[in-house]
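Protein chains in written order, with our numbering: chain A, 6 to 1040; chain B, 177 to 672. Worksheet: the structure to be examined is printed underneath.
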Amino acid sequence: MIQKALKLFFLICVLGFSSIQAQTVNGKITDALDGTPLPGVNVIIKGTGIGVSSDFDGKFSIDVKKENAVLQFSFMGYATQEVSVKGRNVINISLVQSAESLNEVVVTALGIKKEKKSLGYSMTELKGDEVSLVKETNAINALQGKVAGVNITGNATGAAGSSRVIIRGNTSLTGDNQPLYIVDGIPIGNDNNGSAGMWGGNDGGDGISSVNPDEVASVSVLKGGAAAALYGSRAANGVIIITTKSGKQNKQGLGVEFSSSLTIDAVNTDLQDFQKVYGQGINGEKPQTEFLAFDNPTSSWGAKLDGSNVVNWDGVSRPYSYAGNNVDKFYRTGATYINTVAFSNANDNTNYRFSMSDLSNEDIVPNSDINRKTFSLNLGSTLANKLILNTNVKYVRENANNRPRLSDSPGNANYSVAVLPANVDVTFMDPGANDDGTERATSSNVYATNPYWAAYNFRNEDQKNRVIASASLRYDILDWLYVTARTGIDDYTRKSTSVEPWGTAYKTEGGMNEEEKRYTQTDSDIMLGVNKNISEKFSTNSFIGASNNAQIREQLKLNGDKFIVPDLETVKNTKDQSTEYAYSKQKMSSVYGSFEFDYNKVVYLTLTARNDWFSTLSAPGKESPNNDLYTSVNTSIILSEAFKMPEWVNFAKFRAGYSELAGGAPNPYSLGLTYGIFGQGHLGQPLGGISNGSIPNANLVPYNVDEIEIGLDTRLFDGKLSVDIAYYDKTTTKDIVEVSASQTSGYGSSIANLGEITNSGFELLISGTPVKNDNFSWTSSFNVAYNNGKVVATNDTNSDINLGEARSQNVQISHIVGQPYGVIYGKAFARDDNGVIIYEIDADGVPRAKDGGNKQLGEGVPPYSMGLNNAFTYKNFNASFLIDAKFGGQIFSGSNAGAVARGQHLMTLEGRENGLSVSGIDSATGLPFTTTVAPKNLATYWGRISGIAEAFVEDADYIKFRQISVGYNIPSELLEKTFLTSANVSIIGKNLFYIQRSVDNIDPEAAYNNGNAQGLEYYGLPSTRSYGVSLNVKF
Amino acid sequence: MKKTIYTVLLLLLVFTSCDKDFEELNIDPTKSSQIDAKSKFTATLLRTSGERYEAWRANLIYQSTMMQHIATTTGYWVGDKYFWNQGYAASLWDRYYTGPVKGIEDILVQLRVEEQPAEMIAIARIQRVVIYQRLTDLYGDVPYSEAGKGYLEGILTPKYDAQSDIYADMLKELEESAADLGSGTSKWGDADLIFKGDQGKWKRYANSMMLRLGLRLIKVDPVAAKNWATKAISGGVMTSNSDIAYIQHTPGPEGINKNGNGETFTADGSPRLSKTFVDFLNGDPRLPILAARRSDKSTLPADLKGLPNGLDGDLLKALTGEENTNAYAEPNRAIITGEDAPMFFQTYAEVEFMLAECAERWGLAGGNTETHYNAGVTAAMKYLELYGSAASISDDKIQAYLTNNPFNSAKALEMIGNQYWAATFLNEYETFSNWRRTGFPNLVPVNYPGNETNGTIPRRLTYTTSEQVVNAANYNAAIAAQGPDILTTRVWWDKQ
């Protein structure tokens, strides 16, 4: 393979250099309207098919053999011009935009800009302002609802948390399903730095959040395999290409841009509605003593609130009446400030943009905040004739404090606040510490942490220093032959400190750890490309290349348990100390080629091929392959040019493609059994054992993703309406899965190429401009996507795969063959043939819903998603709003299950005075019964119901008023006498309300991590509404 | 032409062989392909002793409260009131199969491949029996012959063996292992945390285990029980407290080094000594060693009050007028709850009580029940000094106890059973098994509203729920054979 590729290179190189040298014409192509350079303009010597493209600075250089040659300049969206050379060496030219701009240029795989109409696959490009208008702490969340088929979940994990981005469904059963992110041409790491599981934890943030929304020039979403085949296995889940702003656009010397925004986050107290009628207590009685108040801190099974004085957990008597909304009292108003200043400039040879940005967020959880500083330099330079260098360097420094704990109760303030009975006021729990420095326990359950202790005394800090740098060099060997080399690095160190302080009730002596994580990804590729008109009607735009990618992860950890000096929080000051070290390195090498041919710009055909070698599938003596060759073909036919169309059809394109893709094992070192020495020995004896928790498999081979895609893209009625529809069908086979093994095998799982999953679906984008005149315009776009994901095979016996479990241990997210991806599977009611619930009547007379075993209770991933975006401009005002919706999914609400057991839920009000009538089938007789559960037994009755997961799986459907903005551009007349060239202000609102929501008390998007096990909610952060103002000025 | 050469050189840089070094690259630099079996054995011993996870849930929350050693009003101590928490119930299973089972199966394969001495293999086989005996006693039919072999034999879903088959094989294993042991020092040496490689002690431990396992069969197969007891006694069982099989824990530095019960007591202040246990210890010199009043740490017998089982705060107040649970005795934190406390697998006292039973039932072991009973009580009091000098009981006090509480041959089996129960405090796995086998002590069940068992003491703990999904066929076959996977189903040897 390599030798063949090399031979080909030689051949092309030699052929290229054997051509005759002739006169060279240089020049620069600009936009006639605003003078900005136009990259990618085709410059062809008329009648020869020989041509070049202009570079990023609009410059071109072409060799002509005849003095009287005519150059043809064509560029989509612009009127084609012809210019006679007449012996000139320099020809500068301005192109005029054509009236009907049906064409646009998009950034495709490997950073190659292409006419969108040539693409045989679906891709969506968003401009920077669509990301920066309503800013998100994690910029990628701004894509929610804007791209059909891209499903984004920002979870209830705090402002510094991670996002889950899924394109066209989940392609891997247990692997990472998130897309590959390419920033300025190179892949960046998107590792998750910790997330909450069933036993709690916090969201350590992800890699993509380092991107500064103000610096984004465009975001391209390559959804399908055809679009992404050139990124290889890493693109199995789609590719998101982010291009940051450069200095190229500058035309008048130094430009300074300043933007500033403030966003206020307020807890949305409308979502949760608990009963406010009955207070703390048990058996319908108020707590009689301090001890009982302390021992039953979360039981809302007390008496009717009557305003009498009742002793609280702290021994103080307070009115037995509704104490107000504890969520509102405990959480603060969050705020996010983002300030960016950028300097840019350009001259004939060099352009640059340097920006500095500061993002400061105070989260709604008291004492929790994040700061992110970004320094970014993009530099483009023509080093020599035909030799262009582009470099990008970003330095990101991130500091986060006290990322909130989630899920399980220890240290989770969200839990401690959510469980309080109506008459218990959270603010009396402040301060969280006693005078002696121990936790001021509010409960006999040590695992329910005083929320103020959790917020102010737990310490959780991390700092990330990250450099993302890349350089690319392009050399135009000939008019039609170029070579590009690119190399980049993403390197970060993340240091974190986490302290459970001395005096914590559940860990009286406390403990802490210090951790340092290092991540380095290097990526290099080299490409030889041909851009040539073969004849007047045929042209080709093809390239071959090779790349290398390496990722190194290293982790150092110091753990200390039990502080010796209580308030000295350092590992050295602990009784039990230990260290951890982990290291992994993996590489992938690839050769690839893409061959695009077009006939008269009407029919396009692209073939690609790629071979990847994976270190993660390599082992000495391994006989199965560690590499795979895969191909793709796609075509685009401009129907509106090929056939006569009705007049109202301005443009119509049919596209179709088939692609293959192969991928390696996600983690290195999974092919063989290894042993390690762990701990620090015992009484002088070393401790050792098997390191693998999963059964290794020496015969792993690459997995495959095959995809078929067809689509139709039309512009109708003078461009007022466009409709883009896509259908895809993709199949993942030989998916490398951690197959759940019975623990009794000694291992939790094994690894095998046994997974198979299909995703098919459609995407529809309708956009239009219903009104457009000089003063007013209204554009509207609606996108809807449906994905039918189906698990076809899980393992040799097709048994279920457990992806994750809720803390209540009665429900999990599972892959079940024949079912959608990640269904909610848990304890169900036993029912008779008519669906009536069967009860066992206990000796105490309280009906107990019979355990119906585990059943499929819902889908964790909603199959339908949609977005409606409307934008208006009126003179200098602009406004937009976005509504997004998801349908067809369900969520298990652990918070509601708990609220029912504790007597907080509204449904527990019934029968408090006179008993609750319960009917069903008596399991003993099989006959219907009706009984009344006495008020004193309601806690027992509901406590039992709360253990049945089925009762708390609800539809996660929602329609959300996601964002709104109103902006004003200060008219240029007013700015003329100032130093400003443009200025605008906007006010924005985010997540203001739900138009429709099925689930009660919680946010339907309230999952506690961004992993594959979606559909579980368990005491995350309450949902927020945001309001903001932003200012952007240029001078 | 120069340009061409540069271009090709540049290409070559990237291209130099696509997967060169990939094989070496994919070897974890922090791991080894094999290590000395000794370090594995030490780790497996510690994991058999257990960590906080299962010590807390299976040993203390469930068994110690069901056995009325411990009582508490705290809700999540579900064993106190016979509630069902599937996660807690399965905790031993969850930790043992991926811990000591996986470890011991790997060790045995390595020893055989490396052709290590028979005595080493014998000791590992005895340890294997210790591990599985806990599992099968607690759960009944469990994976045994195919367990822990996910890598070794590629068995991902082991079948559940009938407890009758497991017992037969474990007894055979003990017999064969004992035969392979001599009197010198094993090659395990100090890696053996229990006996430092003393083969003679391992041999006596193997026979003492044989005695324990044999007697377990008393209800289901009394003839076999007698045969195995006879064989064990003639093979030579433990003869003094220096034969006790235990592991000395250390206060750290990591969880694995610590006594799991001790870690639980560090983390959890809710357990109190049960009224049943404190009342039994009335006049017993062990009381001030095992118990202390929670509120002021007093160990004066007059201050030591046991908490009744099966009550919440309200019921306690209603029943006793007392609402402060700190007024009750808790495990004495000055002596027995340390994270560095020893963890006992089998004591000489237990062996003497079993010998007493054999003498009583069959006239074995010299036939003198009382001698063995008195030796058992003496050993049970003396061995506490392994907790430290504060736990040392003088011979006078022991003699006084025996004088005040003389052996009564009319109630021989009950007295033996009661003393066995007291002697196995904190090794609740053994307490629970021996209570099920003998019915002693005659515990009065509690009947808290809404309990899972209709007011009867559970007879087993339940399987881990994941088995219903990942090992469904074998799980269902086990239930079909043994009975429903609930707390009241009896294991094979626990015949009604």
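Note that the Cβ used here is the ideal one computed from N, Cα and C, for glycine as well.
{"Query": "Val401 of chain A - containing beta strand (DSSP E), residue span", "Result": "Leu392 to Asn406"}
{"Query": "Members of the segment 492 to 510 of chain B that neighbour chain A once the beta carbon cut-off is set at 9 Å", "Result": "Lys493, Glu499, Asn500 and Thr501"}
{"Query": "Separation of Glu528 of chain B from Ser416 of chain B, as counted between CA atoms", "Result": "9 Å"}
{"Query": "Pick from A:Phe1040, A:Ser1035 and A:Leu979 that is closest to Thr986 of chain A, judged by C-alpha positions", "Result": "A:Phe1040"}
{"Query": "Separation of Arg462 of chain B from Leu178 of chain A, as counted between CA atoms", "Result": "58 Å"}
{"Query": "Ala460 of chain A, DSSP secondary structure in three states", "Result": "helix"}
{"Query": "Closer than 8 Å to chain B by CB, Asp779 of chain A", "Result": "no"}
{"Query": "Closer than 8 Å to chain A by CB, Cys534 of chain B", "Result": "no"}
{"Query": "Paired residues, beta bridge with Ala389 of chain A - DSSP", "Result": "A:Leu392"}
{"Query": "Buried/exposed call for Gln210 of chain B, threshold 16 Cβ in 10 Å", "Result": "exposed"}
{"Query": "Cβ separation of Glu714 of chain A and Ala661 of chain A, assumed to be a contact under 8 Å, to the nearest whole Å", "Result": "7 Å"}
{"Query": "Asp195 of chain B at chain A interface by Cβ criterion, 8 Å", "Result": "yes"}
{"Query": "Tyr609 of chain A burial status per 10 Å Cβ neighbour count (16 or more: buried)", "Result": "buried"}
{"Query": "Per-residue burial, Glu141 of chain A [other beta carbons within 10 Å of its own, 16 or more giving buried]", "Result": "buried"}
{"Query": "Gly326 of chain B beta carbon less than 8 Å from that of Ile700 of chain A", "Result": "yes"}
{"Query": "Tyr609 of chain A - DSSP class collapsed to helix/strand/coil", "Result": "strand"}
{"Query": "Interface partners of Tyr680 of chain A on chain B, CB under 8 Å", "Result": "Lys207, Ser208, Ser209, Gln210, Ile211 and Lys216"}
{"Query": "Which of helix, strand or coil DSSP assigns to Asn652 of chain B", "Result": "helix"}
{"Query": "Contact under 8 Å by Cβ, Ile246 of chain B with Ser450 of chain B", "Result": "yes"}
{"Query": "3 or more residues per run - each beta strand (DSSP E) lying fully within the segment 517 to 564 of chain A", "Result": "none"}
{"Query": "Touching by the beta-carbon criterion (3+ pairs, under 8 Å), the segment 485 to 496 of chain A and the segment 435 to 448 of chain A", "Result": "no"}
{"Query": "Chain B contact for Tyr674 of chain A (CB, 8 Å cutoff)", "Result": "yes"}
{"Query": "Contacts that Ile512 of chain B makes with chain A (C-beta to C-beta distance below 9 Å)", "Result": "Going along chain A, no residue has its Cβ under 9 Å from Ile512 of chain B, so there is no contact; the nearest lies around 19 Å."}
{"Query": "Cutoff 8 Å: Asp204 of chain B Cβ touching any chain A Cβ", "Result": "yes"}
{"Query": "Among B:Phe259, B:Ser215, B:Asp212 and B:Gly376, the one whose alpha carbon lies nearest that of Ala234 of chain B", "Result": "B:Phe259"}
{"Query": "Same chain, Cβ closer than 6 Å to Ser265 of chain A, neighbours up to 5 away in sequence not counted", "Result": "Asn344 and Leu1036"}
{"Query": "Proximal chain B residues relative to Phe296 of chain A, where beta-carbon distance stays under 8 Å", "Result": "Gly489, Glu499 and Asn500"}
{"Query": "Spatial distance of Arg635 of chain B from Thr664 of chain B (CA atoms)", "Result": "5 Å"}
{"Query": "Short CB-CB distance (under 8 Å) between Phe583 of chain B and chain A", "Result": "no"}
{"Query": "Start and end residues, beta strand (DSSP E) containing Trp783 of chain A", "Result": "Phe781 to Ala798"}
{"Query": "Contacts that Gln285 of chain A makes with chain B (C-beta to C-beta distance below 8 Å)", "Result": "Neighbours of Gln285 of chain A on chain B: none; closest Cβ ~14 Å, over 8 Å."}
{"Query": "Pick from A:Ala144, A:Ala201 and A:Val315 that is closest to Glu295 of chain A, judged by C-alpha positions", "Result": "A:Val315"}
{"Query": "Where Gly686 of chain A sits in the DSSP three-state scheme", "Result": "strand"}
{"Query": "Enclosing beta strand (DSSP E) for Ile512 of chain B [first to last residue]", "Result": "From DSSP, Ile512 of chain B is part of no beta strand (DSSP E); its letter is neither H nor E."}
{"Query": "Opposing strand residues paired with Leu100 of chain A [DSSP bridges]", "Result": "A:Asp36"}
{"Query": "is_contact[Gly753 of chain A, chain B] using C-beta, thresh 8 Å", "Result": "yes"}
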